[in-house]
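Asker:
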Amino acid sequence: MEKNKENDFIVRDRRVSSSETSGDSTVPSTEQSEQKPSNAENATGSSSEQNRTETFPRLDFSAFILTLATTAQVGLGSVPNPQTRQSDVNLPAAKQIIDILGLLKDKTTGNLSQDEQALLDSALFNLRMQYVRAMEGKK
């Protein structure tokens, strides 16, 4: 004999209806509290999830450029690696990030504000100079 598959699971609707919020529901109060997430969780997700996203700076093009530039500086050994807290030199990785910044400069020509363009140009120039110095020191 085959068991009826429809009875193998239970579906519970966890959405909050207007009758539940006014207390008119026929569902016992213990089930209501079990089903309803707190107001903070309902609006923004879990509180630990919210804390994780609040630690990041606002994302815009300038922040993106600064993130890439910092990553390149880690590869150049100018900034300690945030995971190991040591200055590790990885010139191929640094060169790749510098090349990515160069690519972004080429692809965004005419589409950036003056401040964004100045930041990108400055970061790229400084990183290229640091890379050349690092390569000279390697010889």
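Each residue of the sequence shown is one higher than the one before, starting from 3 at the first, in the numbering used here. We put the beta carbon where it would ideally sit given N, CA and C, even for glycine. Computed from a predicted structure; not experimentally measured.
Can you tell me which of Leu103, Lys109, Thr110, Arg135 puts its alpha carbon nearest to the alpha carbon of Ser124?
Answerer: Closest by alpha carbon: Leu103.
Asker: Decide yes or no for the touch test of the region 111 to 120 against the region 76 to 88: beta carbon pairs closer than 8 Å, at least 3 of them.
Answerer: Verdict: no, contact absent.
Asker: Nearest CA to the CA of Leu129: which residue from Asp108, Pro84, Thr57, Leu68?
Answerer: Selected option, being the one with the closest Cα: Leu68.
Asker: So what's Val91 in DSSP terms, helix, strand or just coil?
Answerer: In the structure shown, Val91 sits in coil (DSSP, three-state: anything other than H, G, I, E or B).
Asker: Please classify Leu70: is it buried, with 16 or more other beta-carbons within 10 angstroms of its beta-carbon, or exposed?
Answerer: Per the 10 Å Cβ criterion, buried.
Asker: Please list, in chain order, all residues of the same chain as Val91 whose beta carbon is under 6 Å from its beta carbon, the five residues on each side excluded.
Answerer: Hits under 6 Å: Gly79.
Asker: Taking Cβ to Cβ, would you say Leu121 is nearer than 8 Å to Lys107?
Answerer: No. Outside cutoff.
Asker: Report all residues from its chain with a CB closer than 7 Å to the CB of Gln88; omit the five preceding and five following residues, and keep chain order.
Answerer: Only Pro82 meet the Cβ criterion.
Asker: Run the CB neighbour count on Ala96, radius 10 Å, all protein chains shown included, and call it buried at 16 or more, exposed below.
Answerer: Ala96 comes out buried.
Asker: Under 8 Å between the Cβ atoms of Leu93 and Met137?
Answerer: Against a cut-off of 8 Å, the Cβ pair of Met137 and Leu93 comes out as a contact.
Asker: Of the choices Pro84, Ile99, Thr110, whose alpha-carbon is the least far from that of Tyr133?
Answerer: Here the closest residue by C-alpha is Ile99.
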